[in-house]
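A.B. asks: Numbering (my numbering), first residue to last: 784 to 1064. Note that the Cβ used here is the ideal one computed from N, Cα and C, for glycine as well. Small disclaimer: the values here were computed from a predicted structure and weren't measured. One structure, as structure tokens, below. Some questions next.
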């Protein structure tokens, strides 16, 4: 399928702000009788990982087409729409750096399709908890690559400091920041901001946000990010909370965020991927 290159068409809104009308990736038209299935041994919180993964793999042998088994998500009879979206598959496969990146494909597609909506709104893109930058890069490449028409702000401390509540991830370290910066060489619209949240927002934060992805693995920092950023999200903008519907060590995030949104008259939409979604009024 030929995908039109993403172009920039600038105009001014009623308040004189510069806005863009992007050329979006064309819809892929799937075949009626062809449904993708997917298995990847990415499962969290199980003690006997090898045995569990084999058991799930064996289960898929008894499932009809359209199964999806990965990332603690086991279902069947689904369209698996992400695999029909050729532009997304290209962005996902070209950016995945690990079997985990491959295994969380449904989460990535939630980000990509949310971004498809948000790129048509006024406002910048923001991610809190960028880690290796794979999520940002997948979204950017899905919507034009180096012609991505928005400013994308990517925040992370990039190294685990003693006393931090978040769970240390394997790639975190003193070289991660430099790696992510190199990944986005030639992408001037992607701004990598190193530092603790919310301190790193000072002087490095957009006034208007169309897309907000929060993945900080701890409740206090995520609530602090919401305190600082949510009022900047434009009407129709989307907030994705990566850990919202995950239990285990992540449950405090849901409890804190439910309380925060309840005070403002919102309910988080829980997604079976483990994410949560809020659409700004």
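Report buried or exposed for residue 832, applying the criterion of at least 16 other Cβ atoms within 10 angstroms of its Cβ.
C.D. replies: Classification of residue 832: exposed, given that the 10 Å Cβ count is below 16.
A.B. asks: Let me check understanding here. Comparing Cα to Cα, which of 820, 814, 1010 lies closest to residue 858?
C.D. replies: It is 820.
A.B. asks: Which residues bound the beta strand (DSSP E) around residue 1065?
C.D. replies: Because the chain spans 784 through 1064 in this model, residue 1065 falls outside it and cannot be assessed.
A.B. asks: Can you check whether the CB of residue 818 is closer than 9 Å to the CB of residue 908?
C.D. replies: The answer is no: Cβ separation not under 9 Å.
A.B. asks: Starting from the Cα of residue 862, find the closest Cα among 970, 1015, 812 and give me that residue.
C.D. replies: It is 812 whose Cα lies nearest to the Cα of residue 862.
A.B. asks: So, is residue 870 buried or exposed, given that buried needs 16 or more other C-beta atoms within 10 angstroms?
C.D. replies: With 16 or more Cβ atoms within 10 Å of its Cβ, residue 870 is classed as buried.
A.B. asks: Let me know if residue 880 comes out buried or exposed under the rule of 16 or more other beta-carbons within 10 Å of its beta-carbon.
C.D. replies: Label assigned to residue 880: exposed.
A.B. asks: Using only the alpha-carbon positions, how far apart do residue 914 and residue 1024 sit?
C.D. replies: Roughly 15 Å between the two C-alpha positions.
A.B. asks: Along the chain, where does the beta strand (DSSP E) that runs through residue 853 open and close?
C.D. replies: Element bounds for residue 853: 851-853.
A.B. asks: Spatial neighbours of residue 854 within its chain, please: C-beta separation below 6 Å, excluding the five flanking residues on both sides.
C.D. replies: Excluding sequence neighbours, residue 854 sits near 825, 886, 887.
A.B. asks: Taking the C-alpha atoms as reference points, what is the distance between residue 789 and residue 838?
C.D. replies: Because residue 789 sits at a pLDDT of 32, beneath the cut-off of 50, its placement in the model cannot be relied upon, and the point is left open.
A.B. asks: Measuring straight from C-alpha to C-alpha, what distance separates residue 922 and residue 1021?
C.D. replies: Residue 922 and residue 1021: Cα-Cα distance of roughly 14 Å.
A.B. asks: So the candidates are 902, 940, 987, 1010; which of them puts its Cα closest to the Cα of residue 960?
C.D. replies: Taking only the C-alpha atoms, the option nearest residue 960 is 940.
A.B. asks: With three or more beta-carbon pairs closer than 8 Å as the criterion, would you say the segment 1004-1013 touches the segment 1028-1035?
C.D. replies: Contact fails: fewer than three Cβ-Cβ distances are below 8 Å.
A.B. asks: In the DSSP output, which residue or residues are listed as bridge partners for residue 859?
C.D. replies: Paired residues: none, contrary to the question.
A.B. asks: Can you give me the Cβ contacts of residue 1044 inside the same chain, cut-off strictly under 7 Å, excluding the 5 residues immediately before and after it?
C.D. replies: Excluding sequence neighbours, residue 1044 sits near 1050, 1051, 1061.
A.B. asks: Here's the rule I'm using: 16 or more other beta-carbon atoms within 10 Å means buried, otherwise exposed. How should residue 1046 be labelled?
C.D. replies: Label assigned to residue 1046: exposed.
A.B. asks: For the alpha helix (DSSP H) containing residue 1016, name the first residue and the last one.
C.D. replies: It is not in any alpha helix (DSSP H) - residue 1016 instead sits in the beta strand (DSSP E) that spans 1016-1024.
A.B. asks: Please classify residue 1038 as buried or exposed, where buried requires at least 16 other C-beta atoms within 10 Å of its C-beta.
C.D. replies: Under this definition residue 1038 is an exposed residue.
A.B. asks: Compare the Cα-Cα distances from residue 849 to each of 865, 920, 827 and report the closest residue.
C.D. replies: With distances taken between Cα atoms, residue 849 lies closest to 865.
A.B. asks: With respect to the alpha helix (DSSP H) encompassing residue 901, which residues constitute its N-terminal and C-terminal limits?
C.D. replies: Looking at the DSSP string, the run of the alpha helix (DSSP H) that includes residue 901 is 888-901.
A.B. asks: What whole-angstrom Cβ distance do residue 891 and residue 918 have, given they're in contact under 8 Å?
C.D. replies: That pair is a contact at about 7 Å.
A.B. asks: Quick one: what does DSSP say residue 1029 is sitting in, helix, strand or coil?
C.D. replies: Residue state, collapsed to three classes: coil.
A.B. asks: Starting from residue 1011 and walking both ways along the alpha helix (DSSP H), at which residues does that stretch end?
C.D. replies: From DSSP, the alpha helix (DSSP H) with residue 1011 extends over 1002-1012.
A.B. asks: Less than 6 Å between C-beta atoms, sequence neighbours within five positions excluded: which residues of the same chain meet that for residue 874?
C.D. replies: Contacts found: 921, 924, 925.
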